[in-house]
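Line by line, the protein sequences are chains A and B. Heads up: the first sequence at position 238 corresponds to 238 in UniProt numbering, and the numbers run straight through without jumps. Heads up: the second sequence at position 30 corresponds to 30 in UniProt numbering, and the numbers run straight through without jumps. Remarks on the structure that follows.
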Amino acid sequence: MEKNHVIELLPEYLDGLLNKTQKTTVEAHLKDCNSCSHELSELKKLFKVFKEEKETTPSGNLKTNFFEQIELEKQNNSKVVSLDNVSVQGKNNWTNNLLKIAASVVLLVGVYFFGKQQQEQISGKEIAHLADETQAFKQTAMLSLMGNKSASKRIQGVNFIEEFSDPDEAIVSALADRMLNDENTNVRRTAVEVLSEFTASETVKNSFIKALKTEKDPGIQITIIQVLGKIQEKKAAASMQYLLEQDDTQPYVKEELESVLPNII
Amino acid sequence: MKRIQITLLALIFCSILAAQEDYTQSLDGIEWVKVESKADIIVRTHGEKQLRIKAKASSKKPEKAKGLKLLGAGGSDNTDVGFYVVKEGNNLIVRNLRKWNNGNAEIYLPANQNISVTTNGTGQSDIRIYGFKGEIEANARLNGGIKIEDVSGPVTANSLNGGIDISFVEINQDSPITVYSTNGALDIKLPGDTPANLSLGSVNGEIYTNFEIKFPEKNGLKSVSTQKIRQTINGGGVKLQLKTTNGNIYLRKE
């Protein structure tokens, strides 16, 4: 019993992890016990080998060999006796086992990282695919809402643009169509407000210029004039001039035009 | 005793006569009732599942028009109460043919009916709507104002020159409420616990509210600056957009 007890402490003794009393007990025992001091020297050798061993990086074929390795390991394991009986079984088996276990650990870790990397690649593709599907779904929902009979629902559709970080041309065109052709003033005005966030688009700019000639609601006219004035769109000057010359243009709309036009030309 | 019975009978007979003068129309398969008018128009709810247009003494034809039909811009009187009513798909078009205010034309509909009311009069042509639970669209295209009471939305209201007053009993969270005007003021009353995403904007007018809208630089909650305000109240909910060009906005907590 005593022997075994000290053998169990040897690895920690070598690593300097024992407290003083344990250390003195082990050292006292080692002087008396040949088998234990022999064990100690064997352990020292083993530790040295471990230190000299270079870290191996697992290669791709590790995965394919994995199951064969497991089979091999199983057969070996059945022959091997547990670590507690090492001293009885002999030193060579003991060190072999330890090395095999170390190899298995390295193998497992390697397979883990290999698998993880593979999985990340796959899930990355899946996420991209899902994002595409969500985008398509949102687009369908938005277009269908904008075709609804109820003005409130069409406005909901127009506001749906907030769900898109980078709306494509189809959506922008559908919004421009609502702005130019919807029978309800609130839908057209909401479309103007929403589109004023996308003045970098040529489609949007051209629709605004077109709306200057077709839109009869003074509230919407003023909003469009302000947006075009802000981005100093030179192409809008002719349409603004046209609106300014119309008899039915409201005086406050003309005022707005007169204040914006000089900055554009 | 006999005299009382005769009087009663006479009274009943009279009331039946009066009732017969109302115009009624079934609403089977009708999704939207679209009312158009150049004069003031009042839309109310009733317990019947049909459209009823109240006949008013003042809506009677002048003596000289006996045997003749009233012609309006959008059709001829097919109701005997001065309206032209026609089905178009699942819409029911109800057009007021008179151009002057004939003692307020009143239309009665079930409370859950979706209605769209448009006035286009050069004179005063106000829209008044009371107590609907369905969707409401109201457009006062020229000089009329809009008053909508005891409704739950969604409401889509627009006016050119008239003001818009709306008081909500609750807010339907299904789809957005928009109230826009060019020159009119907006006066909107909501229950204090309404969850909503507010978007308020006035180009030249002011915005007033007693909802707690947080502004870093403004103190007090009386005037909350002009231009655009986006805020959530009571944790956020359906979108509520109030916009004017030249009018003020008053948003009240009930």
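In this text, a Cβ means the ideal position worked out from N, Cα and C, and glycines have one as well. The structure presented is a predicted model; accordingly, all values stated were derived computationally and were not measured.
Close partners of B:Asn-158 in chain A (Cβ separation under 7 Å): Thr-185 and Asn-186. By the Cβ rule, the segment 199 to 211 of chain B does not count as touching the segment 143 to 155 of chain B, because fewer than three pairs are nearer than 8 Å.
The beta carbon of A:Asp-217 sits closer than 8 Å to some beta carbon of chain B. By DSSP's assignment, A:Arg-178 forms no beta bridge with any residue. Sequence-distant partners of B:Gly-237 (beyond 5 residues in either direction) whose C-beta falls short of 8 Å from its own C-beta, in its chain, are Ile-171, Gln-173, Thr-194, Pro-195, Ala-196 and Asn-197. No Cβ of chain A is located within less than 8 Å of the beta carbon of B:Val-94. Judged by their CB atoms, A:Ala-136 and B:Glu-137 are not nearer to each other than the 8 Å cut-off.
Taking a Cβ-Cβ cut-off of 7 Å, the neighbours of B:Pro-154 in chain A comprise Ser-152, given in sequence order. For A:Thr-190, the chain B residues whose Cβ falls inside 8 Å of its Cβ are Thr-178 and Gln-241, in order along the chain. By the beta-carbon neighbour count (other beta carbons within 10 angstroms, threshold 16), A:Thr-140 is exposed. Scanning its chain for C-beta atoms nearer than 6 Å, with the 5 sequence neighbours on each side dropped, one finds around A:Asn-148 the residues Arg-154, in chain order. Those residues of the segment 177 to 204 of chain B placed with their C-beta closer than 9 Å to a C-beta in chain A are Ile-177, Thr-178, Val-179, Tyr-180, Ser-181, Thr-182, Asn-183, Ser-199, Gly-201, Val-203 and Asn-204, ordered along the chain. Following the DSSP letters along the chain, one finds A:Ser-37 inside the alpha helix (DSSP H) bounded by residues 34 to 52. Counting C-beta pairs closer than 8 Å gives fewer than three between the segment 163 to 170 of chain B and the segment 157 to 166 of chain A, which falls short of the contact rule. In the DSSP assignment, A:Ile-220 falls within the alpha helix (DSSP H) that extends over 218 to 230. Taken residue by residue, none of the segment 104 to 135 of chain A has a beta-carbon sitting less than 9 Å from a beta-carbon on chain B.
The beta carbon of A:Thr-190 is closer than 8 Å to those of Ile-155, Val-158 and Asn-159 in its chain, skipping five residues each way along the sequence.
Take B:Gly-72, set aside five residues on each side of it, and the residues of its chain with a beta-carbon closer than 7 Å to its own are Tyr-84, Arg-95 and Leu-97, in chain order. Looking at the DSSP output, B:Glu-88 sits in a beta bridge with B:Asn-91. Secondary-structure assignment with DSSP links A:Ser-165 through no beta bridge to anything. Below the 8 Å Cβ cutoff, chain A contributes Asn-184 and Thr-185 as neighbours of B:Asn-139, in chain order.
A:Glu-193: not part of any beta strand (DSSP E); member of the alpha helix (DSSP H) spanning 185 to 195, first to last residue. Ranking B:Gly-192, B:Lys-189 and B:Tyr-250 by CA distance to the CA of B:Gly-201 puts B:Tyr-250 first. Assigned with DSSP and collapsed to three states, A:Ile-265 falls in coil, not helix or strand. Residue pairing for B:Tyr-130: DSSP places it in a beta bridge opposite B:Glu-149.
Taken atom to atom, the span from the alpha-carbon of B:Ala-185 to that of B:Gln-124 is near 16 Å.
Neighbours of A:Asn-65 in chain B, taken as residues at a C-beta separation under 8 Å, are lacking, since the least C-beta distance is about 57 Å. The C-beta distance from A:Ile-225 to A:Val-192 rounds to 11 Å, too long to meet the 8 Å contact threshold. Residue environment analysis places B:Ser-26 among the exposed positions, since fewer than 16 neighbouring C-beta atoms fall within 10 angstroms of its C-beta. Inter-residue distance for B:Lys-69 and B:Ser-37 is about 18 Å (C-alpha atoms, whole angstroms). Against chain A, the beta carbon of B:Asn-246 has neighbours under 7 Å at Tyr-252, listed in chain order. For B:Gly-201, the uninterrupted beta strand (DSSP E) run begins and ends at 196 to 202, by DSSP. Boundaries of the alpha helix (DSSP H) around A:Arg-154: 151 to 159. Taking the CA atoms as reference points, B:Leu-240 sits about 5 Å from B:Ile-177.
Not one beta carbon of chain B lies nearer than 8 Å to the beta carbon of A:Gln-241. Shortest Cα-Cα distance from B:Asn-204 to any of B:Thr-182, B:Gly-192 and B:Pro-191 involves B:Thr-182.
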